[in-house]
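S.K.: Mind the numbering: the sequence shown is residues 263 to 1063 in my numbering, read in order. Each residue gets a CB set at the ideal place from its N, CA and C atoms; glycine is no exception.
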Amino acid sequence: MKYDFAAIEKKWQDIWDEKNVFAAHNDYSKPKYYALVEFPYPSGQGLHVGHPRSYTALDIVSRKRRLQGYNVLYPMGWDAFGLPTENYAIKNHIHPEIVTKQNVARFKQQLKSLGLSFDWTREINTTDPSYYKWTQWIFLQLFKHGLAYKKEMSVNWCTGCKVVLANEEVVGGVCERCGSEVVHRVKSQWMLKITEYAQRLIDDLDTVNYIDRVKVSQRNWIGRSTGAQVDFGTTAGDLLTVFTTRADTLYGATYMVISPEHPYIDAWADKIQNMDEVRSYQEQAAKKSDFERTEMAKDKTGVRLQGVNGINPVTNEEIPIFISDYVLMSYGTGAIMAVPAHDTRDWEFAKKFGLPIVEVVKGGNVNEEAFTDCETGIMVNSGMLDGLSVEQAKEKIIKWLAENGKGEPKVNYKLRDWVFSRQRYWGEPIPIVYCEHCGYVPMEEKDLPLTLPEVESYEPTGDGESPLAAITDWVNTTCPKCGGPAKRETDTMPQWAGSSWYFMRYCDPHNDSELASKEALDYWLPVDWYNGGMEHTTLHLLYSRFWHKFLYDIGIVSTPEPYAKRTSHGMILGENGEKMSKSRGNVVNPDEIIKEYGADTMRLYEMFIGDFEKSAPWSPSSIKGCKRFLERIFNLLDILKDGESYSKDLESSIHKTIKKVSEDIENLKFNTAIAAMMTLLNEISDQKAINKAELKTLLILLNPFAPHLTEEMWEIGGFGGMLNEQKWPVYDESKCNDAQIEVAIQVNGKIKARILMDTDCTQEQALALAKEQAAVKELLIGKTIVKEIYVKGKLVNIVAK
Ligand code: ANZ
Ligand code: ZN
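1. Excluding five sequence neighbours on each side, which residues of the same chain lie with their C-beta closer than 7 Å to the C-beta of residue 759?
2. Between the region 500 to 515 and the region 649 to 661, do three or more beta carbon pairs fall short of 8 Å?
3. Contact between the region 627 to 646 and the region 603 to 613: three or more CB pairs below 8 Å?
4. On the three-pair Cβ rule with 8 Å, is the region 774 to 781 touching the region 343 to 357?
5. Ordered along the chain, which non-local residues of its own chain (more than five positions away) have a Cβ less than 6 Å from that of residue 1077?
6. Under 8 Å, do residue 830 and residue 476 count as touching if we go by C-beta distance?
7. Starting from residue 888, trace the alpha helix (DSSP H) both ways and give me its first and last residue.
8. Thinking C-alpha only, which one of 496, 1011, 793, 612 is nearest residue 1038?
9. Hey, would you say residue 768 sits closer than 8 Å to residue 277, going by beta carbons?
10. In angstroms with no decimal places, state the Cα-to-Cα distance between residue 965 and residue 325.
11. Go through its chain and collect everything with a Cβ distance to residue 1071's Cβ below 8 Å, but skip five positions before and after it.
12. State whether the region 347 to 366 contacts the region 731 to 747, with contact taken as three or more CB pairs (one from each stretch) at a distance under 8 Å.
13. In the DSSP assignment, the beta strand (DSSP E) including residue 580 goes from what residue to what residue?
14. Taking 7 Å as the cut-off, is the beta-carbon of residue 478 closer than that to any non-hydrogen atom of the ligand COA?
15. Looking at C-alpha atoms only, which residue of 560, 577, 637 is the closest neighbour of residue 607?
16. Which class does residue 488 belong to by DSSP, given the choice of helix, strand or coil?
17. Any heavy atom of the ligand ANZ closer than 7 Å to the CB of residue 487?
18. Please report the straight-line C-alpha distance between residue 891 and residue 874, rounded to a whole angstrom.
19. In terms of alpha-carbon separation, which member of 1056, 450, 593 lies closest to residue 524?
20. Beta-carbon within less than 6 Å of residue 612's beta-carbon, same chain only, minus the 5 sequence neighbours each way: which residues are those?
21. Where residue 317 and residue 518 are concerned, what is the direct C-alpha to C-alpha distance, given to the nearest angstrom?
22. Which whole-angstrom value is the C-beta distance of residue 336 and residue 321, which I expect to be below 8 Å?
23. Pull up the DSSP beta-bridge partners for residue 1049, would you.
24. Run the CB neighbour count on residue 312, radius 10 Å, all protein chains shown included, and call it buried at 16 or more, exposed below.
25. With distance defined between alpha-carbon atoms, name the residue in 764, 292, 702, 308 nearest to residue 851.
26. Do you know whose CA, among 999, 1009, 987, lies nearest residue 1022's CA?
27. In its own chain, which residues sit with a C-beta less than 7 Å from the C-beta of residue 935, not counting the 5 before and 5 after it?
28. Tell me which same chain residues have a C-beta within less than 6 Å of the C-beta of residue 569, skipping the five on either side of it?
29. Once the 5 residues before and after residue 788 are set aside, which same chain residues still bring their CB inside 8 Å of it?
30. Confirm, please, whether the CB-CB distance from residue 494 to residue 504 is below 8 Å.
31. In the DSSP assignment, find the beta strand (DSSP E) that holds residue 794 and state where it starts and stops.
32. Can you have a look at residue 575 and say buried or exposed, based on whether 16 or more other CB atoms are within 10 angstroms of its CB?
33. For residue 895, which option in 355, 876, 1030, 968 has the closest C-alpha, if you only look at C-alpha atoms?
34. Looking at residue 641: is its Cβ nearer than 8 Å to the Cβ of residue 648?
35. Drop a sphere of 10 angstroms on the beta-carbon of residue 882, count the other beta-carbons inside from all chains shown, and report buried for 16 or more, exposed for fewer.
36. Please check the pair residue 702 and residue 292, which I expect to be a contact at CB under 8 Å, by giving their CB distance rounded to whole angstroms.
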């Protein structure tokens, strides 16, 4: 028989669809399993071969869980708001909704052609008003709980396009689209207080099973630092507070630096003698991104404030104050004490401006470079701290500062509040109204969703407002509180919004009175296994954990964390080992692969391509190998014979394969699971026969990887029912052992031979076998054996004199 994959795959996809085979059930008495993959952004390019890597992996897990008797939820949807669609709409004068529809249709057809077992009855789309009604509802709850607020923030402003740009649209300081200069502009923006959750977002990482690098990236992004706030005096009279992680180095603080945006600059304007110089430095700094400003390697610049000095609280000495762009207003207090002997940036700055460098921890050569690796050193030149270790000094000085009212311990986080406004059309409208009398007033929940109005043009207005601002009919409304005239918020939410809670909606996607019923949420959450790209392990994961925790606090969900387990796959690269991209011309189209080799081969190949967690280059020859493997599996039907239990010859191999495939799937070792099945196939081929029991087991094991082929063979074999209704096979541990095992034979601790022995071989038998070895015999001539050791299945050691 010929392996006609196209016909087989079409046939089974239709049957699965028709019978709704993979729908999750609302039978809350069954054990559940919730497998989740990041839903795609339906771009105009269609599916990328990278998408199926994640989707197939959790499809394998889901199919296995169904066979293990779980009620499985494996859903799919569309994260469809966002810039590329909006930009396409602007360029081609098509409504983004239409663009989205077309892209979704293409993606869906592509996903279906891969035979992924998604529950399509639960499909969601973030741009659907019935979905974003609840995104808006969550925003209202955040607002009502004081976690959404408006603040003047600096935004990226393209001087050419005259629009506010997202960070990702600014490349090297210029606009990605027109190449014009991008500057900072201050604009009032909606913010979410994620910082209020910073500590919990760190602490609860201990309660979840995420791969280490994901936890590390979460912790780094939140960036907890423990240290102290120290109040320096100034000759202007005001106290200048700094944040430092190294209060122990206070005696080495020889100057201070404040951020160019520090409010004291304006406050001291009449005292600062070189205000012109200061102002021009402020202007230059405003043009740089935080990233450019804090880059280690960059040349240090700054201006000394002439006319105001700081006063070191322990030495009472006057020290100069500078403004420099390497100090950010957004971190700590926007001011630092500079310790050039022990901080690299301070050292470079001090060298450039000829400032004193005072060593306070022994061990380095501070005239040559900053001695930063000094956490374990001993204090010098430090008055009351002299002779103490760094650790003791930290404790002592912070205590002293607190007792003298000059400072206190302080924890800081790198995490900033989340800028939640976008001046764009294609996003969720923010359901807030501005009234002259009442201020910012939330819309009534019963009036949600607030839908996007039809507009003529999606171009932002030239003054930096969202296109919604130009729709006066929509903007002008009445105040929900006082009934007076009011204006709608015209900013929309960022693309992160819809994906911050989508896993909840899948639990009950058609509910129009709640975001999902409590019963459904309690049953399905937390997600049991979430897999996604490394690029989403910081922001998306953090934002969705934050929303989940907030919804936990207000009683919507019952677990503090949304995802019990999180893993991440490596990227699929071009054949040349570089990232796939249009410009490199190395993009592989999944449609063509499926057409030429079939979905089962494509799936198997993507799982066989290498270690799941690492990047792997595309390899056409390896695809052919996978196809060949499936053809050989199909040909097993030609050598099928009767037999309802495993034959003696294959029994052990089958148990071992069940064990290997079962465990490897759980450990992301899809490639070695496939390799184990390939080994088994070779053994079967050597035997030139397979019986029914053996083939059934092999087909079930292979089913999650190659679902179409295995269903077809199950049917042809006449095994009864559909394969997807069968039970995952169990193995017998005692039959997983090899019949024979290699044992090392030592004489006086040195290996002299290696021989195969039966695994159940006794000590007497093992010793007898060992002594028969020529190399051993020879060594024992004329000697007395003083000791004999046998470590079962590993080694024999004979000690002789
Ligand atoms: C004195 C000192 C001595 C410092 C020393 C470091 C080493 P992390 O660990 O990242 O929290 N700093 C504080 N606020 C800053 C700001 N707004 N912009 C730039 N730098 C700032 O870093 C804390 C350290 O970064 C603080 O401790 C401060 O320099 C600097 F041997 O104070 B340190
Ligand atoms: Zn009002």
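M.R.: Let me lay it out:
1. The residue you call residue 759 lines up with position 497 of the sequence shown. Contacts found: 397, 690.
2. yes
3. yes
4. no
5. The chain is shown only over 263 to 1063; residue 1077 falls outside these bounds and no answer can be derived.
6. Within the sequence shown, residue 830 is the residue found at index 568, counting from 1. Within the sequence shown, residue 476 is the residue found at index 214, counting from 1. The answer is yes: Cβ separation under 8 Å.
7. Translated into the one-based positions of the sequence shown, residue 888 becomes position 626. Start and end: 882 to 897.
8. For the purposes of this step, residue 1038 is taken as residue 776 along the sequence shown, with counting starting at 1. Minimum Cα distance to residue 1038 is reached at 1011.
9. Position 506 of the sequence shown, counted from the start, is the residue given in the question as residue 768. Position 15 of the sequence shown, counted from the start, is the residue given in the question as residue 277. No, they are not a contact pair.
10. Start at 1 with the first residue of the sequence shown, and residue 965 comes out as number 703. Start at 1 with the first residue of the sequence shown, and residue 325 comes out as number 63. Whole-angstrom Cα-Cα distance: 8 Å.
11. With the chain running from 263 to 1063 in the structure shown, residue 1071 is simply not present.
12. no
13. Taking the sequence shown and counting its residues from 1, the one referred to as residue 580 is at position 318. Residue 580 -> beta strand (DSSP E) spans 580 to 585.
14. In the structure shown, the ligand COA is absent; the only ligands present are the ligand ANZ and the ligand ZN.
15. Walking along the sequence shown from the start, residue 607 turns up at place 345. Of the listed residues, the one whose Cα sits closest to residue 607 is 560.
16. Here residue 488 refers to the residue found at position 226 of the sequence shown. DSSP places residue 488 in strand when its eight states are reduced to three.
17. On the sequence shown, position 225 is the one that residue 487 refers to. Checking every heavy atom of the ligand ANZ against the Cβ of residue 487, one is found closer than 7 Å.
18. As a first step, residue 891 must be located in the sequence shown, where it is residue number 629. As a first step, residue 874 must be located in the sequence shown, where it is residue number 612. Going by the C-alpha atoms only, they are around 20 Å apart.
19. Start at 1 with the first residue of the sequence shown, and residue 524 comes out as number 262. Comparing Cα positions, the closest option is 593.
20. Numbered from its first residue, the sequence shown carries residue 612 at position 350. 602, 619.
21. In the sequence shown, counting from the first residue as 1, residue 317 sits at position 55. In the sequence shown, counting from the first residue as 1, residue 518 sits at position 256. Looking at the two C-alpha atoms, the distance is approximately 53 Å.
22. Residue 336 sits at position 74 when you count from the first residue of the sequence shown. Residue 321 sits at position 59 when you count from the first residue of the sequence shown. With a Cβ gap of about 7 Å, residue 336 and residue 321 count as contacting.
23. Taking the sequence shown and counting its residues from 1, the one referred to as residue 1049 is at position 787. Per DSSP, 1061.
24. Position 50 of the sequence shown, counting from 1, holds the residue named residue 312. Flag for residue 312 reads buried.
25. For the purposes of this step, residue 851 is taken as residue 589 along the sequence shown, with counting starting at 1. Of the listed residues, the one whose Cα sits closest to residue 851 is 308.
26. The count along the sequence shown starts at 1 and reaches residue 1022 at position 760. Ranking 999, 1009, 987 by Cα distance to residue 1022 puts 999 first.
27. Position 673 of the sequence shown, counted from the first residue, corresponds to residue 935. Same-chain partners within the cutoff: 922, 923, 926, 927.
28. As a working note, residue 569 is residue 307 in the sequence shown. Here the set comprises 533, 534, 535.
29. What you label residue 788 is simply residue 526 of the sequence shown in a count that begins at 1. So the list reads 296, 821, 823, 824, 825, 826, once near-sequence residues are dropped.
30. Taking the sequence shown and counting its residues from 1, the one referred to as residue 504 is at position 242. Taking the sequence shown and counting its residues from 1, the one referred to as residue 494 is at position 232. Contact flag set, yes.
31. Along the sequence shown, one-based indexing puts residue 794 at 532. 791 to 795 is the extent of the beta strand (DSSP E) around residue 794.
32. Position 313 of the sequence shown, counted from the start, is the residue given in the question as residue 575. By the neighbour-count rule (16 or more Cβ atoms within 10 Å), residue 575 is buried.
33. The residue labelled residue 895 in the question sits at position 633 within the sequence shown. Considering only alpha carbons, the answer is 968.
34. By 1-based counting over the sequence shown, the position of residue 641 is 379. By 1-based counting over the sequence shown, the position of residue 648 is 386. Their beta carbons are under 8 Å apart, which means residue 641 touches residue 648 by this criterion.
35. Here residue 882 corresponds to residue number 620 of the sequence shown, with the count starting at 1. Exposed: under 16 other Cβ atoms inside 10 Å.
36. For the purposes of this step, residue 702 is taken as the residue at position 440 of the sequence shown. For the purposes of this step, residue 292 is taken as the residue at position 30 of the sequence shown. Rounded, the Cβ-Cβ distance is 46 Å, inconsistent with contact.
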